[in-house]
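Here is the structure we will look at, set down as structure tokens.
Residue numbers (this note's numbering): 1318 to 1521.
Quick look at the structure:
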């Protein structure tokens, strides 16, 4: 075999190797873009699913009047207990856990403040320890506080409410979820799916 043929074969081999390298690089780029497209599609799909999925809990008709009333006056009657909408005061309560005996619980009509919180997109844990023994009440409060922490304590309130016959009833604007036995997973889901689904979600 002549040297000329040998050199030609070497050049041809190099050219083929270069072409193969470029082909692999093009394939790798296509795979990267395809994977990125799948990730974007998954993110958009999840966001759409979150936006359109139904709210959790039982629907309660929103009351026709949601006007402000004078602070200290009775904002009721409401069409549910605890309330999910209705007339309310101009002020709200701060997010957080309220124990029996806290100053905010001693006002004549705390629902006047709390319904306004609901209008701002809050979710409220209304709890009643009257039928629970001491340790059971402590455990219930701890479970509620744990869920509140899991949702970043954002627009959530826990408030004692003696008129309910369940240990916990959760409400958002026009929604209610009652517990015979508190379930942290269901409670967290109620917050995630209903928080800020209210007339004034951008209010603090």
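In this text, a Cβ means the ideal position worked out from N, Cα and C, and glycines have one as well.
Legend entry - Span separating the alpha-carbon of residue 1480 from that of residue 1431: Between residue 1480 and residue 1431, the C-alpha separation is close to 15 Å.
Inset, instruction - Hey, could you find the ends of the alpha helix (DSSP H) residue 1441 is sitting in? - result: Bounds of any alpha helix (DSSP H) do not take in residue 1441; it lies within the beta strand (DSSP E) bounded by 1440-1444.
Inset, instruction - May I ask you to verify whether the stretch 1404-1417 touches the stretch 1484-1493, counting CB pairs closer than 8 Å and requiring at least 3? - result: Contact between the stretch 1404-1417 and the stretch 1484-1493 is not established, with fewer than three Cβ pairs separated by less than 8 Å.
Inset, instruction - Flag this pair as touching only if the stretch 1392-1409 and the stretch 1425-1439 have three or more C-beta atom pairs under 8 Å; answer yes or no. - result: Flag = yes, the stretch 1392-1409 and the stretch 1425-1439 touch.
Legend entry - Pick from 1503, 1390, 1332 that is closest to residue 1424, judged by C-alpha positions: It is 1390.
Inset, instruction - Could you check which residue in 1471, 1472, 1444, 1448 has the C-alpha nearest to that of residue 1460? - result: The shortest CA-to-CA distance from residue 1460 to any of 1471, 1472, 1444, 1448 is the one to 1444.
Inset, instruction - Could you tell me the distance, in whole angstroms, from the CA atom of residue 1428 to the CA atom of residue 1501? - result: Answer to the nearest angstrom: the Cα atoms are 24 Å apart.
Inset, instruction - Decide if residue 1477 is buried, meaning its Cβ has at least 16 other Cβ atoms within 10 Å, or exposed. - result: Label assigned to residue 1477: buried.
Legend entry - Bounding residues of the beta strand (DSSP E) (the contiguous stretch that carries residue 1475): Residue 1475 -> beta strand (DSSP E) spans 1473-1477.
Inset, instruction - Under the assumption that residue 1467 contacts residue 1510 (Cβ atoms under 8 Å), give the Cβ distance between them as a whole number of angstroms. - result: 14 Å between Cβ atoms; not a contact.
Inset, instruction - Write down the C-beta distance between residue 1483 and residue 1496 rounded to the nearest angstrom, noting that I regard them as a contact closer than 8 Å. - result: The pair is a contact, with the Cβ atoms about 6 Å apart (cut-off 8 Å).
Inset, instruction - Express the C-alpha separation of residue 1349 and residue 1396 in angstroms, rounding to a whole number. - result: Going from the Cα of residue 1396 to the Cα of residue 1349 covers about 56 Å.
Legend entry - Endpoints, beta strand (DSSP E) assigned at residue 1485: Where residue 1485 is concerned, the enclosing beta strand (DSSP E) starts and stops at 1485-1489.
Inset, instruction - For residue 1415, collect the residues of the same chain with a Cβ closer than 8 Å to its Cβ; drop the 5 residues on either side in sequence, then sort them by chain order. - result: Excluding its 5 nearest sequence neighbours in each direction, residue 1415 has C-beta neighbours in its own chain below 8 Å: 1421, 1422, 1474, 1475, 1476, 1477, listed in chain order.
Inset, instruction - Using alpha carbons as the reference points, say which of 1374, 1343, 1407 lies closest to residue 1387. - result: Closest in C-alpha terms to residue 1387, from the list 1374, 1343, 1407, comes 1407.
Legend entry - Closest Cα partner of residue 1398 within the set 1498, 1520, 1519, 1487: Looking at the Cα atoms, 1487 is the closest of the given residues.
Inset, instruction - Could you tell me the boundaries of the alpha helix (DSSP H) in which residue 1502 lies? - result: For residue 1502, the enclosing alpha helix (DSSP H) covers residues 1501-1511.
Legend entry - Close beta carbons around residue 1470, own chain, < 8 Å, minus the five adjacent residues each side: Counting only Cβ-Cβ distances below 8 Å, and skipping sequence neighbours, we find 1412, 1413.
Inset, instruction - Measure the C-alpha to C-alpha separation of residue 1426 and residue 1440 and round it to an integer number of angstroms. - result: Their Cα atoms are separated by approximately 18 Å.
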